Amino acid sequence: MKRLTLLAAVTAAALASAAPALADSFTLWVRADGSTFMPKIVDAFNASHQTKAELQIVPNAELVPKYAVAAASGNAPDALSLDLIYTPSFAAAGQLEDMTDLAKSLPYYASLSQAHLSVGTFEGHIYGVPFSADSSVLIWNKDLFKQAGLDPEKGPTTWAEIRADAEKVKKLGPDIYGYYFSGNCGGCNIFTFTPLIWASGGDIFSADGKTAKLDSPQMRDAVAFYQSMVKDGLVPAGSRTDTGSNFFAAFATGKIGIAPSGAFAIGALNTQYPNLHYGVTFLPGKTGGWSSFAGGDNFVVTKGTKKLALIKEFLEFAYSLPGQTLLAKYGSLPIRSDIAKEALAGLDSRYLVAAEAMAKGKTPYSVVFNDLINSANGPWNTTLNKVFFADAAAIEPALKECDATMQSIIDAAK
Amino acid sequence: MSGSQTDDVPKGPTSPARRVRRRRRVDYAGYLYIAPAILLVVVFFVVPLVMTAWMSLHNWPLIGRIRWIGFGNYIALWNDQRFWHALGFTVYYTVWATIGLLAVGLALALFVEKPRPGIGFYRTAYFLPVVVGFASASLLWAWLSNVDSGLFSPVAQWLGLTAAPYNLLADFDAAFWSVTIMVIWKVSGFYMIILMSGLQAIPTDFYEAARIDGANYRQRFLHITLPLIRRSLVLALILSVTGSMLAFDQFYIILAGGPQNQTLTAVYWIFNQSFVSFRLGYGSALSMVLLAILLVLSLVQLQFLQSREDRR
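From first to last, the protein sequence lines are chains Y and R.
Just so we're aligned, residue 2 is where the first sequence starts under our numbering, counting upward by one.
Just so we're aligned, residue 13 is where the second sequence starts under our numbering, counting upward by one.
Okay, here's the thing in structure tokens:
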């Protein structure tokens, strides 16, 4: 019954929002994560163009159900800024317009974020083009580093250095900890933990996303690395049950030495915690190298819309240097590598690290990403939560079991 | 179930023909009066129920093509270990929550039943948590049990009960009891009211007579109080079992089904299938099965109430 009540509520919300559209306008939805930069770019576009974009912001968790209900009743928005990991499942459902020609007609097509395009491509066609971007990085507290006798300007570059620095910071006091991660948050860990594996030469899926291969030497090493830091008390006890609510807040308290985080944290820390001195560096591999999760939104178009020309106009504005500069100013990294430096000029130099991370970032590809990774009860989160807080002997069997569960979910979706 | 017997009993001197005519007129008026209620039930219960049943026969993704698969969802459900495991956990929770609720509710009811100075304060205090929403109460307890920024762990450490910070929500037993105790704290006031009204309906003469016969407190409780509040107890039992079988909010908000999915309830699993995996058809099939289970449980309990009544 609860489910139906929810469905009814969503339907009511969708009906209430179906406003009559103007002739030279198109409707556009964005999830709440984009509520800072999206209104700015839409306002700037509407002020300088004949064409108008009508923006609606939808709570993160409701975007997919709400869009689905709207699509079923023929009221779907013309365009949607969609969490990029959903692009494959939307495309597979036959919900999206083919944007291959539009994308390839852009003169700067080659410098658009490859990570976005790779998940935006389904069976050789492009269904989603890059819009906003957020990359994962490692941040460290310069004040605590200084107190611990470490060089406050030098972040760790290998796992051993992370551990050594965290140990020194931990010695500063009982309520100060060396490292923090959200131990019960699938979304947080795909964003910040997988780069440790990628940077060490491993991966979690095959390139086409059809085979789960978690049980690799790199994955086992990375789990053991986290496990040992937990065991030695370098990580606060709350990490084990943090479903993501402290992902940003824990470091912001100023009592955490090092934490994996995202580019979004730079803007948030600067505005909300101006007195916290922190550095930004790459998420390192076991013995060096680095990687990043390229996150953010893909821009997709509902199948059958008649507003494609107007939408292209909007996209070209967002992709222009003024557009990219505006987006960067309000918290979204540039998605055009050829003008990234210019778009970031004058902004906090730490953004440059995040932008570089973005350019080399990866995004896992799966049509069942939500089931496998993001769900609090999915195999990824359940397995990590188990092995991070267990002992060394538990790692291999748990990863093997996780592979089997993931594979059964992937196979069931075919 | 019973009651059919009474229809055969002749109903006074009215001739059969007149009886029918009068009845029909009364029926029309009656339908008119209950029309608004029927409309509500049809729109908000019957239609969704039929739609759920219809959806359960399809592969019905949240987005994409809908496909008829007959009883495919029910067959898949039969082999869905995780659903049966979730149902098993729900039953486990229902048993403990019901025992806790009825025991604490009865104890509170016995305490606040008799009028005495200051009793209004106690009654209000025990009932207050009931008016807090389940989601708000869950958020409050999620914070209280947070090991780093909450209350329970630092207090336990300060009192010397634990040497190091103890994460209440990290192990099954501690997590399960944290939530169950929260539910008992929040809902037992409601059962207190139900049982109190039962207690107050017992004439004091019974106790006086028993006292004169030399019955002690235990005997009076077992042989007078308990049998005479049986109807209130059965009502409380049905409400508690039905409510607990549908538990979702507290486990979703405080534990997110953790640690390691050990506290996934049946409704939680339905929610996950429908809105995380986007399989609305399968979620509908699960809902239908849960509905059938609840229906059987309620019928059994009602039967229990009724048969005892008839014997009396």
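Using N, Cα and C, we set each Cβ at its ideal position, and we do this for glycine too.
Values in this document were obtained by computation on a predicted structure and should not be read as measured data.
Query                                                                                                                        : Result
Environment of K171(Y) [buried if 16+ CB atoms lie within 10 Å]                                                              : buried
Chain-order list of residues whose beta-carbon lies under 7 Å from that of S68(R) (same chain, five-residue window excluded) : N85, G293, S296, A297, M300
Distance between beta carbons of W199(Y) and K363(Y), contact taken as under 8 Å                                             : 6 Å
Reduced DSSP category for Q274(R) - H, G, I as helix; E, B as strand; rest coil                                              : coil
Residues bridged to R291(R) [DSSP beta-bridge criterion]                                                                     : P73(R)
CB contact check: I81(R) to chain Y, cutoff 7 Å                                                                              : no
Status (buried if at least 16 other CB within 10 Å, exposed otherwise) for M63(R)                                            : exposed
DSSP beta-bridge partners of E55(Y)                                                                                          : T28(Y)
C-beta neighbour in chain R for D298(Y), strict 7 Å                                                                          : no
Neighbour list for D160(R) in chain Y, Cβ cutoff strictly below 7 Å                                                          : P237, A238, G239
Proximal residues of chain R, C-beta to C-beta of A394(Y) below 9 Å                                                          : Simply none; closest approach about 17 Å.
Residues of the region 63-91 of chain R whose Cβ lies closer than 8 Å to any Cβ of chain Y, in chain order                   : M63, T64, P73, L74, I75, G76, R77
Where the beta strand (DSSP E) through A134(Y) begins and ends                                                               : 129-142
Cβ separation of L85(Y) and G297(Y), assumed to be a contact under 8 Å, to the nearest whole Å                               : 6 Å
Opening and closing residue of the beta strand (DSSP E) in which N299(Y) lies                                                : 295-302
V138(Y) versus I191(Y): straight-line alpha-carbon distance, rounded                                                         : 13 Å
Test item: CB-CB of D243(Y) and S183(Y) under 7 Å                                                                            : yes
Test item: CB-CB of V130(Y) and A149(Y) under 7 Å                                                                            : no
DSSP beta-bridge partners of W90(R)                                                                                          : Answer is none; W90(R) lacks a bridge partner.
Cβ neighbours of T1(Y) in the same chain (closer than 7 Å, five flanking residues each side left out)                        : Nothing can be reported for residue 1(Y): it is not among the residues displayed for chain Y, which extend from 2 to 415.
C-beta neighbour in chain Y for L181(R), strict 7 Å                                                                          : yes
Near-chain Y residues of the region 269-283 of chain R (beta-carbon distance less than 9 Å), N- to C-terminal order          : G269, G270, P271, Q272, N273, L276, V279, Y280, W281, I282, F283
Any chain Y beta carbon closer than 7 Å to Q315(R)                                                                           : no
is_contact[K387(Y), chain R] using C-beta, thresh 7 Å                                                                        : yes
Cα-Cα separation between A325(R) and L234(R), rounded to whole angstroms                                                     : Residue 325(R) lies beyond the range of chain R shown here (13 to 324); nothing can be said about it.
Burial state of G188(Y), where buried means 16 or more other Cβ atoms lie within 10 Å                                        : buried
Burial state of K126(R) (16 or more Cβ within 10 Å)                                                                          : exposed
Limits of the alpha helix (DSSP H) - the one that A161(Y) falls within                                                       : 160-171
I257(Y), enclosing beta strand (DSSP E) - first and last residue                                                             : 257-263
Contact set between N371(Y) and chain R, taken where Cβ atoms lie within less than 9 Å                                       : V288, S289, F290
Three-way DSSP call (helix, strand, coil) for D372(Y) in this model                                                          : helix
Near-chain R residues of the region 60-71 of chain Y (beta-carbon distance less than 8 Å), N- to C-terminal order            : V65, P66, Y68, A69
Any non-hydrogen atom of the ligand SAM within 6 Å of S90(Y) CB                                                              : Inclusion of the ligand SAM in the displayed structure is not the case, the ligand content being empty and no account of it being possible.
P108(Y) versus L56(Y): straight-line alpha-carbon distance, rounded                                                          : 27 Å
Minimum Cβ-Cβ distance from T282(Y) to chain R less than 7 Å                                                                 : no
Chain-ordered neighbours of P177(R) on chain Y, where CB pairs are closer than 9 Å                                           : P237, A238, G239
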